[in-house]
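Please read the structure below before turning to the comments.
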Amino acid sequence: MTIAERIMARRSPAQNIRTGVCKAVTVALLLSTPLGLQAKVDSPSIYEPVAPTIEQARANILIARQLQFTHFRNLGISDKLSGDVFDAYLAYLDGQRIYLTKGDIQKFDRIKGQLGSALKTGQLQPGFDIYNLVQQRIIERLQFAISVIDNGINNLDFSENERILVDRSETDWVPDARALDELWRKRIKNAVLAQRLSGTEDDAIKETLLRRYEGQLKRAYQARSEDAFQAYMNAFTGMWDPHTSYFSPRTSENFNINMSLSLEGIGAVLQSDNEYTKVVRLVPGGPASKQGQLQPADRIVAVSQEDEKPVNVIGWRLDEVVDLIRGPRNSTVTLEVIPATASDETMTKTIAIKRDEVKLEEQSASKDTLQLERGGKEYTIGVVTIPTFYADFQAMQAGDPNYKSTTRDVRKLIAELQAEGVDGLVIDLRNNGGGALHEANDLVGLFIDKGPTVQIRNANNDVQVLNDDDPSVAYDGPLVVLTNRMSASASEIFAGAIQDYGRGLVVGSQTFGKGTVQAVRPLNHGQLKITQSKFYRVSGGSTQHKGVIPDIEIPSRIDKTRIGEDALDHALPWDQIEAVPHTRYYDFSGIIDELRKRHEERFSTSPEFSLLQQEIDFLAEQRATDSVSLNQEERREQHKQVERTRLAIANARRELKGEQPFDSLDDLEDWQDQQAADLNSTDEELDFVIREGGHIMADMLDLDSRMASILTPQQFAAQAPAR
Numbered sequence: 002m003t004i005a006e007r008i009m010a011r012r013s014p015a016q017n018i019r020t021g022v023c024k025a026v027t028v029a030l031l032l033s034t035p036l037g038l039q040a041k042v043d044s045p046s047i048y049e050p051v052a053p054t055i056e057q058a059r060a061n062i063l064i065a066r067q068l069q070f071t072h073f074r075n076l077g078i079s080d081k082l083s084g085d086v087f088d089a090y091l092a093y094l095d096g097q098r099i100y101l102t103k104g105d106i107q108k109f110d111r112i113k114g115q116l117g118s119a120l121k122t123g124q125l126q127p128g129f130d131i132y133n134l135v136q137q138r139i140i141e142r143l144q145f146a147i148s149v150i151d152n153g154i155n156n157l158d159f160s161e162n163e164r165i166l167v168d169r170s171e172t173d174w175v176p177d178a179r180a181l182d183e184l185w186r187k188r189i190k191n192a193v194l195a196q197r198l199s200g201t202e203d204d205a206i207k208e209t210l211l212r213r214y215e216g217q218l219k220r221a222y223q224a225r226s227e228d229a230f231q232a233y234m235n236a237f238t239g240m241w242d243p244h245t246s247y248f249s250p251r252t253s254e255n256f257n258i259n260m261s262l263s264l265e266g267i268g269a270v271l272q273s274d275n276e277y278t279k280v281v282r283l284v285p286g287g288p289a290s291k292q293g294q295l296q297p298a299d300r301i302v303a304v305s306q307e308d309e310k311p312v313n314v315i316g317w318r319l320d321e322v323v324d325l326i327r328g329p330r331n332s333t334v335t336l337e338v339i340p341a342t343a344s345d346e347t348m349t350k351t352i353a354i355k356r357d358e359v360k361l362e363e364q365s366a367s368k369d370t371l372q373l374e375r376g377g378k379e380y381t382i383g384v385v386t387i388p389t390f391y392a393d394f395q396a397m398q399a400g401d402p403n404y405k406s407t408t409r410d411v412r413k414l415i416a417e418l419q420a421e422g423v424d425g426l427v428i429d430l431r432n433n434g435g436g437a438l439h440e441a442n443d444l445v446g447l448f449i450d451k452g453p454t455v456q457i458r459n460a461n462n463d464v465q466v467l468n469d470d471d472p473s474v475a476y477d478g479p480l481v482v483l484t485n486r487m488s489a490s491a492s493e494i495f496a497g498a499i500q501d502y503g504r505g506l507v508v509g510s511q512t513f514g515k516g517t518v519q520a521v522r523p524l525n526h527g528q529l530k531i532t533q534s535k536f537y538r539v540s541g542g543s544t545q546h547k548g549v550i551p552d553i554e555i556p557s558r559i560d561k562t563r564i565g566e567d568a569l570d571h572a573l574p575w576d577q578i579e580a581v582p583h584t585r586y587y588d589f590s591g592i593i594d595e596l597r598k599r600h601e602e603r604f605s606t607s608p609e610f611s612l613l614q615q616e617i618d619f620l621a622e623q624r625a626t627d628s629v630s631l632n633q634e635e636r637r638e639q640h641k642q643v644e645r646t647r648l649a650i651a652n653a654r655r656e657l658k659g660e661q662p663f664d665s666l667d668d669l670e671d672w673q674d675q676q677a678a679d680l681n682s683t684d685e686e687l688d689f690v691i692r693e694g695g696h697i698m699a700d701m702l703d704l705d706s707r708m709a710s711i712l713t714p715q716q717f718a719a720q721a722p723a724r
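For the sequence shown, this note's numbering assigns the number 2 to the initial residue and increments by one for each residue that follows.
Given below as structure tokens:
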């Protein structure tokens, strides 16, 4: 009897007739002891199925109630929801469809439509049945992979004209175990080829792959009840929106540590992504952000400590990966990652990061100036970079008059720039993922006399309007706000308000689109992070899903199809409510077409932009690759072509700066490692975009020097110098 058949056999006849109630869970709810405990096996050879506990069942009931009655989205638990939960759960457990067969899926046809009613009342066994079957199939696949490698990777034929899909998430389930054997044989060939092309010897390849698969196998045998429960609850909560999630007691502890920023680690926010750990964002001022190589959407496959062998973390629980990355200050952790730009999950790179605390002062706003010469005129443009919206709450509560905050720091920087006689101001919010809401509100207040800054609507349609009540203005001149796809939440509130008030132009790329507010609620077992409210601009449109659309767009390397709210499943939609009365300081409609025309003319002749566009096109082409060859010669030629393109783009950029080109890709990568280690190095793209922001500012001043001033025409005329 298979494990799936044993699972089905455990169900009582009564359950099959009407309610779908699992006998085991019914018993568990009547007893004061846990339904099931994971067996501890030192050298497991048989998978011990995990089972739910009473505490989990009670937490499930509380979660279902909270979702139905307090979430912003009014979503009932229906038969359709049951099917969606089933699909999301399978996508989490076997997102690439490499473990289960069509026959396995069919075994769950009967319970697929019953999950919703079971989840309402804490009947968890159906979800655990699915989890246990997937774990058994994972074990079978890993055992097969190990047997293929033990048989000798030199016995694999790399002369055949075979291909393998890069992404299997949308493909059909394979029909049977024999088809899975064939799929895994190709997966192993692909992994071997990728390492051969990077110069690794077969013996080292064999050792690496065995270590990877044996590590995953060990984790599969060590599956815990809590793993199944957290995965199942997140498939359930994710139906409401992607920011609503369940934290197990262990995950809750890590969440609370991260929120206090007392964690000594690398300063990266991580999440589970199928069997991988994915980088969501980097904490500004943190070690990873300063080191410069780790990027959002990179996936971590291995972690190594100083002078130790890498530990493969594919299939690991998120809290265990976090524990492995965390460590003593000034120690070094090395991550092996699949870059977000990789066309194939076998393409990895290693990144060494020195651990440290994330310090508030390293997140602080900073200033610079940009000198431009345009048509015989000299312009001095002030640049203020804001990495996050921060406030030292402890110092504030202690009554320290000099406590640090975004608004206080930016006010000082503006005063210093004005003393230098700047003609205009650029606020750089690129890669600013948000932070303290009241700081976004106060920062808007530096640029307007008074008025509303953002609206917040809850599930009952009650709308709260945040206002700047301070009539003082720190800066009343022309303004440009730079954004990119990683500008989110509080950044979007600020950029949207500046746009709605006509106080300045937004330049860059469409922002993330995170326009929701979450609260963390304690449960009897863990915590629930639940979306309760939604942000709206003063003009009435939401920042959710759509984000802020720039007035003048500058392309970015960031892949919008993989990063951003509209790339997330079940994201709340964009909508709008009533606008609130607010001042419109300047109407850019009369000059925006000319500004865009001048911008496009500059870019059409800019060698820097041409190179950026080449790189964007190259990365898009790589990401669009849906399959790769398993023929060694064909794959080697494709690999060489990719290397030639990377080297050509890098050398063209070097030549623009009057620097010697690299002789090889190895030289380029060595240089990149050196740059990453130098915390004072700058990113050419950042400099390029800031300069373009300055040029747009100069265009604004050239076309209409009154623009975006909060002064009335009469006040402006009185202040204008005599000509």
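Even glycine gets a Cβ: it sits at the ideal position worked out from N, Cα and C. In this text the structure is predicted, and so the values were computed from the model without any measurement.
So who's on the other strand from residue i, going by DSSP bridges?
i    : result
P453 : N468
K378 : R375
T532 : Q519
D274 : Y277
K368 : V385
K350 : V338
K207 : Note: K207 sits in no beta bridge, so no partner.
N459 : S534
Q577 : G542
N283 : The sequence given here has Leu at residue 283, not Asn. Per DSSP, A269.
N313 : A303
Pop quiz: residue i and residue j are said to be a contact at Cβ under 8 Å. What is the actual Cβ separation, rounded to whole angstroms?
i    : j    : result
R356 : R330 : 6 Å
A65  : L116 : Actually they do not touch by this definition, with Cβ atoms about 11 Å apart.
S79  : K113 : Contact doesn't hold; Cβ gap of about 13 Å is too wide.
G695 : L371 : 4 Å
R538 : G497 : 4 Å
Following the continuous beta strand (DSSP E) through residue i, name the residue where it begins and the one where it ends.
i    : result
E337 : T333 to I339
T517 : T517 to P523
G509 : L506 to G509
S630 : S628 to S630
V481 : L480 to T484
S246 : S246 to F248
L1   : No information on residue 1 is available, as it lies outside the stretch 2 to 724 that the chain covers here.
Alpha carbon to alpha carbon, how far is residue i from residue j?
i    : j    : result
T245 : G527 : 14 Å
L704 : P551 : 20 Å
R212 : N313 : 7 Å
L210 : I617 : 33 Å
Q642 : R654 : 19 Å
D429 : R603 : 21 Å
F610 : Q364 : 29 Å
G268 : I494 : 24 Å
Q272 : D594 : 42 Å
E321 : L184 : 29 Å
E49  : I140 : 12 Å
W174 : K81  : 21 Å
K187 : L295 : 29 Å
L31  : E56  : Here L31 scores only 26 on pLDDT, less than 50, and its place in the model is too uncertain to base an answer on.
T71  : V86  : 19 Å
Q577 : G542 : 4 Å
F390 : S406 : 8 Å
Q107 : L125 : 20 Å
On the DSSP letters alone, give me the boundaries of the alpha helix (DSSP H) that residue i sits inside.
i    : result
L444 : L438 to G446
D429 : First-last for D429: G425 to D429, but that is the beta strand (DSSP E), not the alpha helix (DSSP H).
A178 : A178 to L198
R300 : No alpha helix (DSSP H) contains R300, which is instead part of the beta strand (DSSP E) from R300 to Q306.
F619 : P608 to R624
P127 : Q126 to D151
L120 : L116 to K121
L325 : L319 to I326
G233 : It is worth fixing the name first, because residue 233 is Tyr in this sequence and not Gly. Looking at the DSSP string, the run of the alpha helix (DSSP H) that includes Y233 is S226 to T238.
L501 : The question names Leu, but residue 501 is Asp in the sequence shown. Looking at the DSSP string, the run of the alpha helix (DSSP H) that includes D501 is A491 to D501.
Can you find a C-beta in chain C that's less than 8 Å from the C-beta of residue i?
i    : result
E208 : The structure shown contains no chain C, having only a single protein chain.
When you measure from the CB of residue i to every non-hydrogen atom of the ligand HEM, does any distance come out below 7 Å?
i   : result
Q69 : Ligands in the displayed structure: none, and consequently the ligand HEM is not present.
**Uninterrupted alpha helix (DSSP H) stretches inside the region 38-105 (no shorter than 4 residues)** = Within the region 38-105, the complete alpha helix (DSSP H) runs of at least 4 residues are 55-71 and 80-94.
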